[in-house]
Amino acid sequence: MRASLFAPGSIAVIDSAESFSEAIAQSANLLVIAGHAKAEYVDRVLANFQKLGPYFVVAPGIAIAHAHPAEDVISPGLSLLKLNNPVSSGATANDPISLVFSLCTPDSEKHIEMLGEFALLMSEQSIVNSLLKASAESVIRQILSH
Amino acid sequence: MVELGVLIYAVCGAGIGTSVLLKSNADRVLSDLGIEATVRAVAIEEAISPDSLAQILLITPELEGIASDIRSEVVVVKNIFDLSELTQKLSEALS
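Going down the list, the sequences are from chains A and B. If you count the first sequence from 1, position 51 lands on 1107 in the working numbering, and the numbers rise without skipping. If you count the second sequence from 1, position 73 lands on 100 in the working numbering, and the numbers rise without skipping.
Encoded structure:
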């Protein structure tokens, strides 16, 4: 049931990223690959990061990049880019970052249920620990479907 | 919308991501604590407005600097998925 939070194409694993903004761009691009957003959304997520900094680093090792709802969003969606070698975001309290999620929603309502389910999932420390250790997309999908 | 009990703002840059996750977990914690409160997910601009009626702001560390010099009590949450951190900080702020 929970695997449906992440559409086909929305999860990827890479070894490393040159910078946190590159990781954000790759993560947000998974929303484009999965059909949740248009390419312009990736630019807006990056602009949001340039403007407000890494405030969306929300837990140790975990970021959730996103931008305001707009016409470049097709449907509510989540994506996950796992970095085998974590990257520094500048948010020192929770650095370095291994799990870069991205989120999009066409309005301020349609994603609420999805995020509630996601919050419930991520409140389980064992799931987060398994995700931090996972280095294959198939393993990540298995963890998220538990 | 009828607002009951303490008014808490869960804050993020856009008001759709971090704040919604914070609200979701704060609602669970407050319900477990038996505290009547209304938690709203808002963007930072609304949270720091002089018109804000919130008693408490829940915020991630990187936004703390923007939320200084306001009436609401600012509670910084390091790990928004850590229900024990939220439970401890919300109980302290509401005691």
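For glycine and all other residues, C-beta sits at the position ideal for the given N, C-alpha and C. This structure is a prediction, so every number in the text was calculated from the model and none was measured.
Could you check whether the Cβ of P1152(A) sits closer than 8 Å to any Cβ belonging to chain B?
no
How would you write the range of the alpha helix (DSSP H) that E91(B) sits in, first residue to last?
Taken as a continuous stretch (DSSP letters only), E91(B) belongs to no alpha helix (DSSP H), as it is neither H nor E.
S51(B) touches chain A at which residues, Cβ-Cβ below 7 Å?
L1171, G1172 and A1175
Under 7 Å between beta-carbons, which chain A residues line up against K105(B)? List them in chain order, please.
A1149 and N1150
Selected residue, minimal CA-CA separation from L1108(A), among A1090(A), K1138(A), H1124(A) and G1117(A):
H1124(A)
Assigned secondary structure, E1074(A) (DSSP; H/G/I helix, E/B strand, else coil)
coil
Local Cβ density within 10 Å of R1100(A), reported as buried at 16 or more and exposed below that:
buried
So that I know if they touch, is there some Cβ in chain A lying closer than 8 Å to that of L117(B)?
no
Please state whether DSSP places Y36(B) in a helix, a strand or coil.
strand
Alpha-carbon to alpha-carbon, E1180(A) and V69(B)
25 Å
Chain B contact residues for A1115(A), given Cβ-Cβ distances below 8 Å
K105, N106, I107, F108 and D109
For C39(B), which residues from the same chain have a beta carbon less than 6 Å from its beta carbon, with the 5 sequence-adjacent residues on both sides left out?
T45 and S46
Establish whether the CB of T114(B) and some CB of chain A are separated by less than 8 Å.
no
Taking C-beta pairs closer than 8 Å, name the residues in chain A that A41(B) reaches, listed in chain order.
N1104, H1122, A1123 and H1124
Can you list, in chain order, the residues of the stretch 54-66 of chain B whose Cβ is nearer than 7 Å to any Cβ on chain A?
none
Inter-residue spacing [alpha-carbon to alpha-carbon] between T1161(A) and M1170(A):
10 Å
Which residues, in chain order, does the stretch 73-90 of chain B contribute to contact with chain A at a C-beta distance below 8 Å?
T87, P88, E89 and L90
Assign A1119(A) to buried or exposed, taking buried as 16 or more other Cβ atoms, counted over all protein chains shown, within 10 Å of its Cβ.
buried
Could you check which residue in V1129(A), I1196(A) and E1165(A) has the C-alpha nearest to that of I1089(A)?
V1129(A)
Spell out whether any CB of chain A is found under 8 Å from the CB atom of V101(B).
no
For the stretch 1140-1153 of chain A against the stretch 1103-1117 of chain A, do three or more pairs of beta-carbon atoms, one drawn from each stretch, fall closer than 8 Å, so that the two count as touching?
yes
Flag S1186(A) as yes if its beta-carbon sits less than 8 Å from any beta-carbon of chain B, otherwise no.
no
Residues in its own chain within less than 8 Å of S1164(A) by CB, not counting five upstream and five downstream?
P1125
With distances taken Cα to Cα, identify the nearest neighbour of V66(B) among L80(B), S76(B) and E112(B).
L80(B)
Using a C-beta cutoff of 8 Å, does V47(B) count as contacting chain A?
yes
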